[in-house]
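Enquirer: Per this note's numbering, the sequence shown runs over residues 81 to 541.
Take this structure, written in structure tokens, and hold onto it; I'll ask about it next.
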Amino acid sequence: MANGIERGSGIDFYKNLYKIAIPIALQSLIMAALNMTDQLMVGQLGDVAIASVGMASKIYSVISVVLAGLAAGLSIYAAQYWGRKDVRSITRLLGMTLSLGLMISLLFSGMVYFNPEWSLGLFTTDTRVMEDGAIFLKLVALSYVPTMLTMIYSAVLRSTGHVKYPMYVSLIVVILNVGLNYLLIFGNLGFPKLGLAGAAIGTCIARVVECLLIIGAVYRFRLPGAAGFRYLFSYDRTLARKFYLTTYPIVLTELVWVLGETAYAVIYSRMGTTEMTAMTITFPLQGLSIGLLTGLAGAAGVLVGNRLGAGEEALAREYARRLIRVGIVFSVGLGVVIAAISPLYVSAFAITGEAHELAVHVIWVFAAFMWVKVANMIIAGGILQSGGDSKFVFKMESAATWLVGVPLGLLLSLVWKQPLFWVYFFLSLEEIVRFGIGLMRFRSGKWIQNLTGQTAGQTSA
């Protein structure tokens, strides 16, 4: 294949896994580092600034998950079409996704830009937070379109094995964003001291540069997606219908996840300040740990999807089994390390002894269940969706979250008044339910679909 992805032996599999998983994982870690740095720099401006950015981030998370769902739908088809070397169909799908993404991002940008106070009012009633947050949000709204373009073009590159380009661009953008924050937030080196507005301007500039670099790389190196306007937006009704039927459940799944995380945050906050503090300080470590292994889920989507598109179902199944095994082995090892360093990590925070003990215990539970969290990422987000089984994944995720996780959390915390350790432990059992359902679906083979068949205008590269 043109992207250097090979097939066949176990050696080929692990070579391909290394090529794809490592850059995706590094990109996730780079972006996590950027978010952490942003928080630290904005944190120097005070409590109101922190809260303002936090509320603005909640609004961004809504559009982000919608666009991520679109990009994931594109990834599924792009991976399969790349497996059969059908670049023309990838180009058409890219055009459809860009059209839909442009409509969505412009709609959100307009709503937020012209009504920032109203948007923030959905999440807070604090007038100071709304006033300061409106300044930040109005400027950041201008970055939604370039963010959409970056996400969609990056999805095509990852699905076709060109994962190093998004990683390199992310690294450049992190350095740029931190530098702009240093100059514009604090007024260093002769630049004006703009505070929160400076953070927003830095974010906008960084996202525009990121978009230009990604699209520039696509056309400069003639990567998949480099096409003229005529080919990019040549509409194929049959292909469009298949794409939308596969993609809308993915968008709904992303929204269900966000709503579920919000519900869990409410549950923890209602338990008390100490409990919420303990949970909050564990989030960066959890995010970093999962980020290290996100590359496996991304690799699952690409490797399995490529083989399905090439009509090699037996090899796709074998790749999927190997990916599940690799994910579990690595996550168990990482879980042991996380449990061992948890007291040292928590000691870095100036918190009460009670909060310290709670946080350590929560991390132990997280470490114990990490293997199943990673396995679910690989099975649901990688393998099942690579076969176009997005409707089943939506039903599974919705059932696990809203029929098991949220009701159990509400009962344990608000009705039965159980301590945080047991609340978090039983909430984590949701992952076991999801794992059992997902594994049965995988073994049934019902998830396997070749999505590349019988669409008009398929031309091999």
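In this text, a Cβ means the ideal position worked out from N, Cα and C, and glycines have one as well.
Quick one: any contact between the stretch 193 to 208 and the stretch 257 to 271, if contact means 3 or more CB pairs under 8 Å?
Expert: With a cut-off of 8 Å, the stretch 257 to 271 and the stretch 193 to 208 do not count as touching, because too few Cβ pairs lie within range.
Enquirer: Mapping DSSP to helix, strand and coil, what is Y315?
Expert: It is coil, neither helix nor strand.
Enquirer: What separation, rounded to the nearest whole angstrom, lies between the Cα atoms of M371 and W451?
Expert: Before going further, note that residue 371 is Gly rather than Met in the sequence given. Distance between the alpha carbons of G371 and W451 is about 13 Å.
Enquirer: From this set, A101, S466, G259, which residue's C-alpha is nearest G241's C-alpha?
Expert: Of the listed residues, the one whose Cα sits closest to G241 is A101.
Enquirer: Buried or exposed for E511, going by 16 or more other Cβ atoms inside 10 Å?
Expert: Its Cβ being crowded by 16 or more others within 10 Å, E511 is buried.
Enquirer: Locate the alpha helix (DSSP H) running through V220, then write down its first and last residues.
Expert: Its alpha helix (DSSP H) spans residues 207 to 220.
Enquirer: Please name the residue, chosen from L319, S234, A480, A279, that lies closest to I215 on a Cα-to-Cα basis.
Expert: When only C-alpha atoms are compared, the closest one is A279.
Enquirer: How would you label F472, buried or exposed, when you count the other beta carbons within 10 angstroms and need 16 or more for buried?
Expert: Result: buried.
Enquirer: Taking only beta-carbon atoms, is W496 less than 8 Å away from chain D?
Expert: Among the chains in the structure shown there is no chain D, since it carries only a single protein chain.
Enquirer: Going by C-alpha to C-alpha distance, which of A435, L229, Y262 sits closest to L292?
Expert: Of the candidates A435, L229, Y262, the one whose C-alpha sits nearest the C-alpha of L292 is L229.
Enquirer: Determine the DSSP secondary structure at N530, reduced to helix, strand or coil.
Expert: DSSP places N530 in coil when its eight states are reduced to three.
Enquirer: Between the stretch 371 to 387 and the stretch 92 to 107, do three or more beta carbon pairs fall short of 8 Å?
Expert: Yes: at least three Cβ pairs fall under 8 Å.
Enquirer: Between the stretch 141 to 151 and the stretch 444 to 461, can you find at least three pairs of beta-carbon atoms closer than 8 Å?
Expert: No, they do not touch.
Enquirer: According to DSSP, is L202 part of a helix, a strand, or is it coil?
Expert: Residue state, collapsed to three classes: coil.
Enquirer: Can you give me the Cβ contacts of G308 inside the same chain, cut-off strictly under 6 Å, excluding the 5 residues immediately before and after it?
Expert: Same-chain partners within the cutoff: there are none.
Enquirer: Could you have a look at L274 and say whether DSSP puts it in helix, strand or coil?
Expert: In the structure shown, L274 sits in coil (DSSP, three-state: anything other than H, G, I, E or B).
Enquirer: Skipping 5 residues on each side, what residues in its chain have a beta carbon closer than 8 Å to that of V445?
Expert: For V445, where only same-chain residues beyond five positions count, the Cβ hits under 8 Å are F501, Y504, F505, S508.
Enquirer: Any contact between the stretch 112 to 128 and the stretch 175 to 182? By contact I mean 3 or more CB pairs, one from each, below 8 Å.
Expert: Judged by Cβ distances under 8 Å, the stretch 112 to 128 makes no contact with the stretch 175 to 182, as fewer than three pairs qualify.
Enquirer: Below 6 Å CB to CB, which residues in the same chain sit around P226 once its five sequence neighbours on both sides are set aside?
Expert: R287, V288, C291.
Enquirer: Three-state secondary structure (DSSP) at D166?
Expert: In this structure, D166 counts as coil in the three-state DSSP scheme.
Enquirer: Give me the Cα-Cα distance between L438 and V338, rounded to the nearest whole angstrom.
Expert: In a straight line, the C-alpha of L438 is about 25 Å away from that of V338.
Enquirer: Report the residue from A479, N530, V236, S185 whose alpha carbon sits nearest the alpha carbon of R172.
Expert: Nearest C-alpha to R172: V236.
Enquirer: What is the rounded straight-line gap between the Cα of L202 and the Cα of G163?
Expert: Near 44 Å, if we compare the C-alpha coordinates of G163 and L202.
Enquirer: Hey, how far is the Cα of R387 from the Cα of Y157?
Expert: Straight-line Cα distance between these residues: approximately 12 Å.
Enquirer: Output the distance between the C-alpha atoms of V133 and Y262, rounded to the nearest integer angstrom.
Expert: If you take the alpha carbons of V133 and Y262, they lie about 17 Å apart.
Enquirer: Would the beta-carbon of E613 fall within 8 Å of that of V146?
Expert: Any property of residue 613 remains undetermined from this structure, which presents the chain solely from 81 to 541.
Enquirer: Assuming V454 contacts L373 (C-beta within less than 8 Å), just tell me the rounded distance between them.
Expert: The pair is a contact, with the Cβ atoms about 5 Å apart (cut-off 8 Å).
Enquirer: Does the stretch 345 to 354 come close enough to the stretch 491 to 501 that 3 or more CB-CB pairs lie under 8 Å?
Expert: With the cut-off at 8 Å, the stretch 491 to 501 and the stretch 345 to 354 touch.
Enquirer: Write down the C-beta distance between F326 and G468 rounded to the nearest angstrom, noting that I regard them as a contact closer than 8 Å.
Expert: Note on identity: in this sequence residue 326 is Thr, with Phe being the wrong assignment. Contact holds; Cβ gap of about 5 Å.
Enquirer: Within its chain, find whatever has a CB closer than 6 Å to the CB of M231; leave out the 5 residues flanking it on each side and keep chain order.
Expert: Closer than 6 Å at Cβ, skipping near neighbours: L147, A151.
Enquirer: Using a threshold of 8 Å, state whether the C-beta atoms of G544 and S466 are closer than that.
Expert: Because the chain spans 81 through 541 in this model, residue 544 falls outside it and cannot be assessed.
Enquirer: Between L488 and I421, what straight-line distance do the alpha-carbon atoms span, to the nearest angstrom?
Expert: Answer to the nearest angstrom: the Cα atoms are 29 Å apart.
Enquirer: Could you tell me the alpha carbon to alpha carbon distance between I431 and A358, rounded to whole angstroms?
Expert: Approximately 9 Å, taken between the alpha carbons.
Enquirer: Note down the Cα distance separating V547 from A277, rounded to an integer number of angstroms.
Expert: Nothing can be reported for residue 547: it is not among the residues displayed for the chain, which extend from 81 to 541.
Enquirer: Are the beta-carbon atoms belonging to F188 and I143 less than 8 Å from one another?
Expert: Yes. Within cutoff.
Enquirer: What residue range does the alpha helix (DSSP H) around N456 cover?
Expert: Residues 433 to 456.
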